[in-house]
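Participant:
Protein chains in written order, with the numbering used here: chain A, 480 to 1015; chain B, 166 to 324.
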């Protein structure tokens, strides 16, 4: 093993790749070599560090200095000043964050963040299984297989209170127990990485930044329920995620951490990747299963639930990427440790993706139950251009829109639904006061009309009519009775749609009608947009 | 064996190889369609018929699957497919202006292909890069933090 006095971590997540991090990485490697430092300084490409709009981002350790918007032209200065002379290049530090020289263990650019899911993102090279192992990777699996019975593993996950992070908020331990109890010759673990919710990109960056954590979580789940086969269904658009998962599976197999008789325990587990082809509805677990079986991604009628009758009609655990990433640390540190984070009913952390009108866009992980205000103003750096906060849509396009009265509501799986919204996948779309409610509503409804799979009538017809009515109001042709119609139609869809898509589609419009009714009325009665931005 | 149409550009033998790769499994239909489209550019009627008979499933089902997913196309498209995200996070940060700039620069409206067959302009599902919205994808390459001014600069790389 070689030792280096300094490590330069270059974020290799998709947003930084777009900003040109590959060129910066290559320039760093070349410059370090040119200055004869290649035996002392190691340049590593890592997963997402979080500040996606400030890419390319690099961190120099052991100091933990975060440099933002690094260009190839900045590389000689970083090598000369920082790596050779030990002086921080101040002009590249903290342009948007209060990034200071920080200690290795607790980088202050994370602020109030707590990292369980993202524990390795931006710290290790995601293409190196050795680095994952060095950060206790696969130790939880070893502990399960050598010291614990499957029922103990199940009990630990139940006790931890882990709730599924895909959006439906089902307790993970309970879900596993259905499959564990089922009698079958074959069971499956299915990782749902068909992340299609607009505004959500956490699963992409977890897969890109720490693919082994998902494989380990799946293997543990397989041991707990008695499944020896796992599949990861990834969006077809996520090229880098697929590539890194593929490498991770090969590496794990080569070291015997996947495959037959893992750790000599007699337990075997294999993982394969399946690629989606562009359909939002496939994020719904039974639609995903239909797609895996080679069909159109149309949801099945439930029950039976996948836990007892899923993929190829066999008992199947379907878990979201973020849920699975929580599993190894829970087993390693115990359920009581996990319960120290978050709230009583929603233990742990939540990964949020910040987008829209907010200064610091990107990926964050915070304790469950944090308020919108802290996320927007303490971590997100507030609203750009000195504008005011108008609303935040929590949980992606299928979540509700909350006005500023709710800035101090704790965000968790139980409190947000009381306000008519949802935590969902953890997408946070922040909108300032320049946006017109009707224009945004039309954008949401157009999305659902397009993504409805068409299998059930309430959703197929409902999404089209919701869009039609909102578009009419946006054109200035709305009638006063349209608002009642929207509400009635929305309630009918929530009550009668086959799957989560049709049940959630009216949510944004229902909350907008509740909190911003006057803006709709102005468009209908006065043919006027109060914000003056939608063109009416 | 029937020759493939000029738009399809894939031989039955090549389709056979792809089916072989997935052990002629019916469950692998989505993966097969991915591979055939990659080789042929689109999923022609002839190619779909070949897949249907190879896997012994009705062509109606194969067509149903091929037209369900947005990444598949049964019609030939341009050499470069420009997928534009106009979902809420991109919309909020000005995706409409990006659409306008693309339409102006290419002289076509959304959903169409340039007469020289070079560019197809279409809407896409969320690309999952909302931290750098507004974003587009040209074939496999994603571009983020777009402004209308950057559109002609990016297109120049492909012209």
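The beta carbon of each residue, even a glycine, is placed where N, CA and C say it ideally should be.
1) Output yes or no for whether 9 Å exceeds the beta carbon distance between residue 907 of chain A and residue 872 of chain A.
2) Put residue 994 of chain A into one of helix, strand or coil per three-state DSSP.
3) Does DSSP put residue 802 of chain A in a helix, a strand or coil?
4) Taking 9 Å as the threshold (beta carbon to beta carbon), is residue 770 of chain A in contact with chain B?
5) Any C-beta of chain A within less than 9 Å: which residues of the stretch 288-315 of chain B qualify?
6) Distance cutoff 9 Å, beta carbons only. Does residue 1019 of chain A sit that close to anything in chain B?
7) Name the DSSP bridge partner or partners of residue 488 of chain A?
8) Please classify residue 740 of chain A: is it buried, with 16 or more other beta-carbons within 10 angstroms of its beta-carbon, or exposed?
9) Relative to the C-alpha of residue 284 of chain B, which candidate in B/298, B/291 and B/276 has its C-alpha closest?
10) Can you tell me which of the three DSSP states residue 812 of chain A falls into?
11) Output the boundary residues of the alpha helix (DSSP H) element that contains residue 630 of chain A.
12) Touch check for the stretch 288-303 of chain B and the stretch 945-952 of chain A: three-plus C-beta pairs under 8 Å?
13) Could you tell me which of B/191, B/222 and B/207 sits nearest to residue 174 of chain B, measuring between CA atoms?
14) Give me the residue from A/704, A/569, A/568 and A/528 with the minimum Cα distance to residue 634 of chain A.
15) Taking only beta-carbon positions, decide if residue 571 of chain A is within less than 9 Å of chain B.
16) Looking only at its chain, what residues have a beta carbon closer than 7 Å to the beta carbon of residue 166 of chain B, apart from the 5 residues adjacent to it on each side?
17) Can you round the beta-carbon distance between residue 804 of chain A and residue 693 of chain A to whole angstroms, since I take them to be within the 8 Å contact cut?
18) Using 8 Å for Cβ pairs, my map puts residue 253 of chain B next to residue 876 of chain A. What's the rounded Cβ distance?
19) In its own chain, which residues sit with a C-beta less than 8 Å from the C-beta of residue 323 of chain B, not counting the 5 before and 5 after it?
20) Can you list the residues of chain A that residue 235 of chain B reaches, using a CB-CB cut of under 8 Å?
21) Give, in chain order, every unbroken run of the alpha helix (DSSP H) that is at least 4 residues long and sits entirely within the stretch 274-322 of chain B.
22) Would you give the residue range spanned by the alpha helix (DSSP H) that residue 530 of chain A belongs to?
23) Below 8 Å on the Cβ atoms is my contact criterion, and I expect residue 554 of chain A with residue 561 of chain A to pass it. Report the Cβ-Cβ distance as a whole number of Å.
24) Please compile the residues from chain B whose C-beta is within a distance smaller than 7 Å of the C-beta of residue 954 of chain A.
25) Just the Cα atoms here: how many angstroms apart are residue 179 of chain B and residue 717 of chain A?
26) Quick check on residue 205 of chain B - is its C-beta less than 9 Å from some C-beta in chain A?
27) Would DSSP call residue 679 of chain A helix, strand or coil?
28) Relative to chain A, which residues along the stretch 187-198 of chain B have a C-beta separation below 9 Å, given in chain order?
29) If you measure between the beta carbons of residue 832 of chain A and residue 680 of chain A, is that distance less than 9 Å?
30) Report the CB separation of residue 756 of chain A from residue 234 of chain B in whole angstroms; it is logged as a contact under 8 Å.
31) I'd like the span of the alpha helix (DSSP H) that includes residue 896 of chain A, first residue to last.
Facilitator: Walking through what the data contain:
1) What you label residue 907 of chain A is simply residue 428 of the first chain in a count that begins at 1. What you label residue 872 of chain A is simply residue 393 of the first chain in a count that begins at 1. Yes, these two residues count as a Cβ contact at 9 Å.
2) Position 515 of the first chain, counting from 1, holds the residue named residue 994 of chain A. Helix at residue 994 of chain A.
3) What you label residue 802 of chain A is simply residue 323 of the first chain in a count that begins at 1. Helix, per DSSP.
4) The sequence position of residue 770 of chain A within the first chain is 291, counting from 1. Answer yes: the Cβ-Cβ gap between residue 770 of chain A and chain B drops below 9 Å somewhere.
5) 288, 289, 290, 291, 292, 293, 294, 295, 296, 297, 298, 300, 302, 305, 306, 307, 308, 309 and 310
6) Residue 1019 of chain A lies beyond the stretch modelled for chain A, which goes from 480 to 1015, so this question has no answer here.
7) Within the first chain, the letter at position 9 stands for residue 488 of chain A. Its beta-bridge partners are A/523 and A/538.
8) Here the question's residue 740 of chain A lines up with position 261 in the first chain. Exposed: under 16 other Cβ atoms inside 10 Å.
9) For the purposes of this step, residue 284 of chain B is identified with residue 119 of the second chain, where counting begins at 1. Of B/298, B/291 and B/276, the residue nearest in Cα terms is B/276.
10) Working through the first chain from its first residue, we reach residue 812 of chain A at position 333. It is helical.
11) Position 151 of the first chain, counted from the start, is the residue given in the question as residue 630 of chain A. Its alpha helix (DSSP H) spans residues 629-639.
12) no
13) Residue 174 of chain B sits at position 9 when you count from the first residue of the second chain. Ranking the options by Cα distance to residue 174 of chain B, first place goes to B/207.
14) As a first step, residue 634 of chain A is located in the first chain; it is residue number 155 there, counting from the start. Nearest option by C-alpha distance: A/704.
15) For the purposes of this step, residue 571 of chain A is identified with residue 92 of the first chain, where counting begins at 1. No, its Cβ sits nowhere closer than 9 Å to a Cβ of chain B.
16) Here residue 166 of chain B is taken as the residue at index 1 of the second chain, counted from 1. Low confidence applies here, because residue 166 of chain B scores a pLDDT of 33, under 50, leaving its location unreliable; read the following figure in that light. Excluding positions up to five away in sequence, the list reads 177.
17) As a position in the first chain, residue 804 of chain A is number 325, starting the count at 1. As a position in the first chain, residue 693 of chain A is number 214, starting the count at 1. The pair is a contact, with the Cβ atoms about 6 Å apart (cut-off 8 Å).
18) Counting from 1 along the second chain, the entry for residue 253 of chain B is found at position 88. Counting from 1 along the first chain, the entry for residue 876 of chain A is found at position 397. Right, the Cβ-Cβ distance comes to about 5 Å (below 8 Å), so this counts as a contact.
19) Mapped onto the second chain, residue 323 of chain B falls at position 158. Excluding positions up to five away in sequence, the list reads 245, 283, 284 and 303.
20) Residue numbering aside, residue 235 of chain B sits at position 70 when the second chain is read from its first letter. Per Cβ cutoff of 8 Å: 756, 757 and 758.
21) 315-321
22) For the purposes of this step, residue 530 of chain A is identified with residue 51 of the first chain, where counting begins at 1. Careful: residue 530 of chain A lies outside any alpha helix (DSSP H) and carries neither H nor E.
23) Residue 554 of chain A sits at position 75 when you count from the first residue of the first chain. Residue 561 of chain A sits at position 82 when you count from the first residue of the first chain. With 8 Å as the limit, residue 554 of chain A and residue 561 of chain A do not qualify as a contact, their Cβ atoms being about 11 Å apart.
24) Here residue 954 of chain A is taken as the residue at index 475 of the first chain, counted from 1. In chain order: nothing, as chain B lies at least about 16 Å away.
25) For this step, residue 179 of chain B is matched to residue 14 along the second chain. For this step, residue 717 of chain A is matched to residue 238 along the first chain. Approximately 26 Å between the Cα atoms of the pair.
26) Position 40 of the second chain, counted from the start, is the residue given in the question as residue 205 of chain B. Not closer than 9 Å to any Cβ of chain A, the Cβ of residue 205 of chain B fails to qualify, so no.
27) Here the question's residue 679 of chain A lines up with position 200 in the first chain. In the structure shown, residue 679 of chain A sits in coil (DSSP, three-state: anything other than H, G, I, E or B).
28) 190, 191, 192, 193, 194, 195, 196, 197 and 198
29) The residue given as residue 832 of chain A occupies position 353 in the first chain. The residue given as residue 680 of chain A occupies position 201 in the first chain. Contact flag set, yes.
30) Translated into positions along the first chain, residue 756 of chain A becomes position 277. Translated into positions along the second chain, residue 234 of chain B becomes position 69. Yes, they are in contact, since the Cβ atoms of residue 756 of chain A and residue 234 of chain B sit about 4 Å apart, within 8 Å.
31) Taking the first residue of the first chain as 1, we reach residue 896 of chain A at position 417. Element bounds for residue 896 of chain A: 894-897.
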